[in-house]
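Colleague: One rule links them: number in the working numbering = place in the sequence shown (from 1) + 5.
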Amino acid sequence: MTITENIIEVKEYKSLSKTIDIMRDLENDSIINPIFINFMRSNFEYLKQQNDLNKIIEIKKWINRNINYKDDVYDETLISPKILIYSKNGDCDDFALLLKTMLNYLNVKVNYILLAKEKNKYTHIANSYILNKKILYIDALINNFDFPEGYKFYKII
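1. Among Ile90, Asp77, Tyr74, Met28, which has the Cα closest to the Cα of Ser47?
2. Going by C-alpha distance, which of Ile130, Asn73, Ile25, Ile135 is nearest Ser92?
3. Please report how far the alpha carbon of Tyr18 lies from the alpha carbon of Asp98, in whole angstroms.
4. Suppose you measure from the CA of Ala101 to the CA of Lys138; what does that come to, to the nearest Å?
5. What residues in its chain sit with their C-beta under 6 Å from that of Lys60, if we drop five residues either side in the sequence?
6. Using C-beta distances below 7 Å, list every residue in its chain close to Leu21, excluding the 5 sequence neighbours before and after it, in chain order.
7. Between Asp76, Asn148, Glu154, which has its C-alpha nearest Leu120's C-alpha?
8. Could you compute how far the alpha carbon of Ile66 sits from the alpha carbon of Asn56?
9. Between which two residues does the beta strand (DSSP E) harbouring Asn116 extend?
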């Protein structure tokens with residue numbers, strides 16, 4: 006594994022759980038980072054008084070409008086949220102990590118949701134939130150809250 010201050014390359018890891026562990030470490034690192042905290046305060050402090058669904062909608066909109074989708078150069082590269090808010094390029098795991106971290110700052114508990122077209126062959130990651138005892142699918146790559154076509158399996162982690 007190659008580690009720089011901003012990006013962690015996880016191409017050697019075959020284990021999905023190891024990737025998720027690294028994502029959680031990057032989330033925890035960003036949430037206490039002064040640059041990330043200042044960014045959140047200056048842009049989203051007004052959301053602190055709103056309900057969870059409004060927070061989710063506004064953060065999802067911001068990410069969708071401001072972060073560009075870009076495939077990883079390597080098999081898997083994770084970009085820390087504290088960097089992604091400025092670099093503005095990432096893939097689905099970076100979008101999910103950023104959304105989860107931003108909502109965590111706003112005290113909204115979301116999870117990662119893994120998607121697969123074939124059983125246990127996960128190829129996409131997004132976020133989920135429990136709303137009225139139902140799963141709300143949150144994917145900052147798309148404008149709506151619809152579960153994407155073609156995916157038959159999911160796992161919330």
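Positions of the beta carbon are idealized from the N, C-alpha and C atoms, including for glycine.
Please read all numbers here as calculations on a predicted model, not as lab measurements.
Modeller: On the basis of the supplied data:
1. By 1-based counting over the sequence shown, the position of residue 47 is 42. Ser47 has its Cα closest to that of Ile90, out of Ile90, Asp77, Tyr74, Met28.
2. Stepping through the sequence shown from its first residue, residue 92 is reached at position 87. Of the candidates Ile130, Asn73, Ile25, Ile135, the one whose C-alpha sits nearest the C-alpha of Ser92 is Asn73.
3. In the sequence shown, residue 18 corresponds to position 13, counting from 1. In the sequence shown, residue 98 corresponds to position 93, counting from 1. Note on Tyr18: pLDDT 40, under 50, position unreliable in the model; the coordinate value appears next. For Tyr18 and Asp98, the distance between alpha carbons rounds to 15 Å.
4. Position 96 of the sequence shown, counting from 1, holds the residue named residue 101. Position 133 of the sequence shown, counting from 1, holds the residue named residue 138. The straight-line gap from Cα to Cα measures roughly 22 Å.
5. In the sequence shown, residue 60 corresponds to position 55, counting from 1. Excluding residues within five positions, the ones whose Cβ falls inside 6 Å are Leu52, Leu111, Val113.
6. Sequence index remark: in the sequence shown, residue 21 carries index 16 (1-based). Same-chain partners within the cutoff: Tyr127.
7. What you label residue 120 is simply residue 115 of the sequence shown in a count that begins at 1. Out of Asp76, Asn148, Glu154, Glu154 has the C-alpha closest to the C-alpha of Leu120.
8. Here the question's residue 66 lines up with position 61 in the sequence shown. Here the question's residue 56 lines up with position 51 in the sequence shown. Rather than Ile, the amino acid found at residue 66 in this sequence is Lys. Each residue's Cα considered, the two are about 16 Å apart.
9. In the sequence shown, residue 116 corresponds to position 111, counting from 1. Taken as a continuous stretch (DSSP letters only), the beta strand (DSSP E) holding Asn116 covers 116-123.
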